[in-house]
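Residue numbers (the UniProt record's numbering): 1 to 495.
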């Protein structure tokens, strides 16, 4: 038994068990010893991050099947097992998750003075749940785990939020995403009833009638659309970002929205191909409208966090257009922007966090001329703004261009509207940067100026390196994901 445990741990269980252990150990340390608690949390998250790329050594990119599959009996019923695996889709999402958690701990290193132990525990539990979601091959747990992620996020927004409306924002975030997933539970129970097993790989090979496919697709769509989020069920995201602490906004931009897009690619599209094809116009219409609507709404916002939040909604709705373009360019192009979206908005939220820590305001009208007083932050903000504009050579460009090509093959009007949204995105990104960084310094409102310190600069560097690395040398992503995407297009009956 010990040998079997070690073998499982060496494959996939390591990155899952490490944050669990890291969240348990601080519970036995007094609250007064906050520094050892922080170090334990940071070390656990760093070990998890360093361990997460290990499967790449033996990963076989020539197959679309899940690899390193582990199975554990977790309910005393027949065919109800805990199945874990990894493929070309989930591999990079796990790395993104393990990359962001250490940064979130560092961001809250000095700011989370109250309930520091609880913050570390909530962060590591959140990491464990998100890694498990991306590696889960059990339909029932594929519902349970994403909903479990809501709990630590609810606590982080409600406890460490920055304003008086944080409780309302936490409840709005929790109820929106939870209620949308109730239909998903009904769909999974119906799938289990028909297939007789809780193995996602078997469910993907099961033939469902067209009428049942449509019903199941709508039920799963209700759950995933809220998490993306798609318009009009996006209201919770700007409010959650505004009230969340900086570390909460970083992880909120980086991972929870990917639970929705990952769910579409893992569950809805391959399992219900006929319903997916029938629903393409239904997806295209609100997504195209959302890109234009949120881009215009962004230009009318006065809160820095809301501007980035609405920009985030526009980018994710562009991703949905790519996912539901039944060709390799669209689906394959939709995956890199998901990863880029975990880096670029997170870096922008960190820039806002630096400003808020010093000046205690996020209102745009109070800022201006920061290039003369905070040159390092201005440079970092400029780099992040270029990436948010999807400039060539950045991580956003390598996905959004193929999405436009794939959407054009399906519907030229939608592709045109998506391209218009990119232009609007460049316009409001440049407007925001010019308004905050250039112009005259508003000394009547801002008095103390200090550039990011060494700890803050060290937090920004991984984001900038990741954005440039993905943009300049993106070959690693098609190499790992091409087989999965090709299989999804060809054997998903997209013809």
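A virtual CB, placed ideally from N, CA and C, is assigned to each residue, including glycine.
Here the structure is a predicted model, which is why all the values come from computation and not from measurement.
Open item on the list: Starting from residue 85, trace the beta strand (DSSP E) in both directions and tell me its first and last residue.
Closed with: 81-86
Task: residue 206 classed as buried or exposed, judged by whether at least 16 other C-beta atoms fall within 10 angstroms - done: exposed
Task: Exposed unless 16 or more other CB atoms sit within 10 angstroms - verdict on residue 19 - done: buried
TODO: Compare the Cα-Cα distances from residue 471 to each of 464, 244 and 398 and report the closest residue.
DONE: 398
Open item on the list: Can you tell me whether residue 449 is helix, strand or coil according to DSSP?
Closed with: coil
Task: Which listed residue (70, 437, 330 and 341) has its alpha carbon closest to that of residue 378 - done: 437
Task: C-alpha distance - residue 319 paired with residue 265, whole-angstrom precision - done: 11 Å
TODO: On the DSSP bridge assignment, give the partners of residue 70 in chain order.
DONE: 84
Task: residue 244 versus residue 180 - alpha carbon distance - done: 22 Å
Task: Of the residues 464, 406, 34 and 445, the one placed nearest residue 109, counting alpha carbons only - done: 34
Open item on the list: Taking 8 Å as the cut-off, does the stretch 319-338 touch the stretch 403-417 (at least 3 CB pairs, one atom from each stretch)?
Closed with: yes
- [ ] May I have the straight-line CA-CA distance separating residue 288 from residue 226, to the nearest angstrom?
- [x] 16 Å
Open item on the list: Buried or exposed for residue 234, going by 16 or more other Cβ atoms inside 10 Å?
Closed with: buried
Open item on the list: Considering only heavy atoms of the ligand FAD, does any lie closer than 6 Å to the CB of residue 385?
Closed with: For the ligand FAD, the structure offers nothing, since it holds no ligand at all.
- [ ] Please classify residue 363: does DSSP put it in a helix, a strand, or coil?
- [x] strand
Task: residue 389 in three-state terms, based on DSSP - done: coil
TODO: Tell me the start and end of each unbroken alpha helix (DSSP H) in the stretch 274-331 that is at least 4 residues and wholly inside, in chain order.
DONE: 304-323
Open item on the list: For residue 272, which residues in the same chain have their Cβ closer than 7 Å to its Cβ, ignoring the five residues on either side in sequence?
Closed with: 208, 213, 216 and 217
- [ ] Express the C-alpha separation of residue 346 and residue 330 in angstroms, rounding to a whole number.
- [x] 24 Å
Open item on the list: Can you look up residue 130 in the DSSP assignment and give me helix, strand or coil?
Closed with: helix
Task: Local conformation of residue 230 per DSSP, three classes - done: coil
TODO: Report the three-state DSSP secondary structure of residue 136 (helix, strand or coil).
DONE: strand
- [ ] Quick one: give me the first and last residue of the alpha helix (DSSP H) that residue 406 is part of.
- [x] 397-410
Open item on the list: Tell me the DSSP secondary structure of residue 438 in three-state form.
Closed with: coil
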